[in-house]
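Chemist: One structure coming up, written as structure tokens, with questions to follow.
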Amino acid sequence: MGIEKVMDPSKIKWINSDGPEGDIIFSSRVRLARNLKDTPFPHMLSDDGAKKVIELVGAALRANPVLSKDMQIYLMSQLTEEQKETLVEMHLISPDLAKSKNGAVIINEDQTISIMINEEDHIRIQTVFPGFQLHKAYDLASKVDDALEEKLDYAFDEKIGYLTACPTNVGTGIRASVMMYLPVLTMMEQTNKIFSTISQLGLVVRGLYGEGTQMRGSLYQISNQITLGKSEEDIIQNVEVVARQIITNERNLQQSLSGEARLRLEDKILRSYGILCNAKLISFREAMDFISDVRLGVYLGIIKNLKPEDLNSLFLIIGPAYIQEVSKENLSPIDRDLNRAKLIKQKIAK
Numbered sequence: 603m604g605i606e607k608v609m610d611p612s613k614i615k616w617i618n619s620d621g622p623e624g625d626i627i628f629s630s631r632v633r634l635a636r637n638l639k640d641t642p643f644p645h646m647l648s649d650d651g652a653k654k655v656i657e658l659v660g661a662a663l664r665a666n667p668v669l670s671k672d673m674q675i676y677l678m679s680q681l682t683e684e685q686k687e688t689l690v691e692m693h694l695i696s697p698d699l700a701k702s703k704n705g706a707v708i709i710n711e712d713q714t715i716s717i718m719i720n721e722e723d724h725i726r727i728q729t730v731f732p733g734f735q736l737h738k739a740y741d742l743a744s745k746v747d748d749a750l751e752e753k754l755d756y757a758f759d760e761k762i763g764y765l766t767a768c769p770t771n772v773g774t775g776i777r778a779s780v781m782m783y784l785p786v787l788t789m790m791e792q793t794n795k796i797f798s799t800i801s802q803l804g805l806v807v808r809g810l811y812g813e814g815t816q817m818r819g820s821l822y823q824i825s826n827q828i829t830l831g832k833s834e835e836d837i838i839q840n841v842e843v844v845a846r847q848i849i850t851n852e853r854n855l856q857q858s859l860s861g862e863a864r865l866r867l868e869d870k871i872l873r874s875y876g877i878l879c880n881a882k883l884i885s886f887r888e889a890m891d892f893i894s895d896v897r898l899g900v901y902l903g904i905i906k907n908l909k910p911e912d913l914n915s916l917f918l919i920i921g922p923a924y925i926q927e928v929s930k931e932n933l934s935p936i937d938r939d940l941n942r943a944k945l946i947k948q949k950i951a952k
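Structure representation (structure tokens):
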């Protein structure tokens, strides 16, 4: 599976189907952090040591032919900057791994699994499903974890749990997250109040591409922050309970809009649709916001000629790196905006 195939949005299972609670929950993701016993953490590894970790993880995965049959490994050192940034935009690797000269990622064909090697930890197993399916994501991540643990000695303490580079991941090493789409809560400026409340429950809100990144397109990543002293089930359940309450808040607000407020919302949605269908140039920031508006219009029945999947895939393929990579040319910023506008029109002008 060449890197070009990975960048084909039609191959991405979780983006091309509308999962449970898909109007609000864009995706569910589980990440497990693991390290190898008696091996320095990645930031302390020599080049040879990092290479050895990649070899060990690859061999452990190949020992399970059922799991590894449609997987491919990509070394960060062999990818261009645009290819690495595109993988970040497609949520397959983190910004930190993209900067690592000794990192690698293993990705399966439908992109429900990606295994980052030599990021902050030696191994970060990530699984993702459409909609609200945290348990399904955890079951798959656990299956991959078990397969690797059959062949690898993990750094594990009987009292503490799995040992990780960052203290917040020590214990189960799990991060359960949902990417939530909250257009009306965002428009009504109610997100800060909600996020302040959930931070008191041990959860954290991150941007579109994870820690340290900005919120765009009314998309927010909500996850647990601490893993020590809690079971995987407790962590997942806590995220689920909070997410369900936020779903209720967003839906109630959508349904309560009437009169002038509803009219202004419909006008905003249709204006955004008009811009996407007709603009000659469009920036990444503008595109994210306008696509977010149109997605809401699809779910509210205001825009009838598009499906949610049409908009979901656009969120992944309008980033600067993706636009640059698929063009196979060295684009100026204005050329990227021009190509982005053309790409969007091809997808939504029906």
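Residue numbers (the numbering used here): 603 to 952.
Cβ atoms here follow ideal geometry from the backbone N, Cα and C, with glycine treated the same way.
(1) Would K639 and Y822 be called neighbours here (beta carbons separated by less than 9 angstroms)?
(2) Please report the distance separating the alpha-carbon of D712 from that of R942.
(3) What does a CB cutoff of less than 8 angstroms around I871 pick up in its chain, not counting 5 residues either side in sequence?
(4) So T793 and L784 are in contact, right, with Cβ under 8 angstroms, and what is the actual spacing, rounded?
(5) Considering Cα atoms alone, identify which of L694, N720, E868 is closest to N704.
(6) What's the C-alpha gap between K761 and G773?
(7) Output the distance between the C-alpha atoms of M673 and A749, rounded to the nearest integer angstrom.
(8) Would you call the segment 621-636 and the segment 728-742 in contact, with 3 or more CB pairs under 8 angstroms?
(9) To the nearest angstrom, how far is it from the Cα of A863 to the Cα of L933?
(10) Which value, in whole angstroms, describes the spacing of the CA atoms of K613 and V928?
(11) Could you compute how far the alpha carbon of F643 sits from the alpha carbon of E722?
(12) Less than 8 angstroms between C-beta atoms, sequence neighbours within five positions excluded: which residues of the same chain meet that for G651?
(13) May I have the straight-line CA-CA distance separating L765 from A778, to the nearest angstrom?
(14) Considering only heavy atoms of the ligand HEM, does any lie closer than 8 angstroms to the CB of L750?
(15) Once the 5 residues before and after S724 are set aside, which same chain residues still bring their CB inside 8 angstroms of it?
(16) Between the Cα of A951 and the Cα atoms of Q926, D937, S874, which residue gives the shortest distance?
(17) Can you name the residues that DSSP bridges to A826?
(18) Tell me, please, which residues DSSP counts as bridged to G775.
(19) Contact between the segment 882-891 and the segment 846-861: three or more CB pairs below 8 angstroms?
(20) From this set, A661, K745, L689, G876, which residue's C-alpha is nearest E606's C-alpha?
Modeler: Quick look at the numbers:
(1) no
(2) 25 angstroms
(3) D895, V896, L898, G899, L902, I904, I905
(4) 6 angstroms
(5) N720
(6) 9 angstroms
(7) 14 angstroms
(8) yes
(9) 41 angstroms
(10) 16 angstroms
(11) 8 angstroms
(12) T641, P642
(13) 18 angstroms
(14) For the structure depicted, the ligand HEM is absent and the ligand set is empty, with no information on it obtainable.
(15) This sequence places His at residue 724; Ser is not what is there. Contacts found: R636, N637, L638, T641, F643, P644, V655, V659.
(16) S874
(17) Per the sequence shown, the amino acid found at residue 826 is Asn instead of Ala. Answer is L805, bridged to N826.
(18) The partner list for G775 (beta bridge, DSSP) is empty, contrary to what the question assumes.
(19) no
(20) L689
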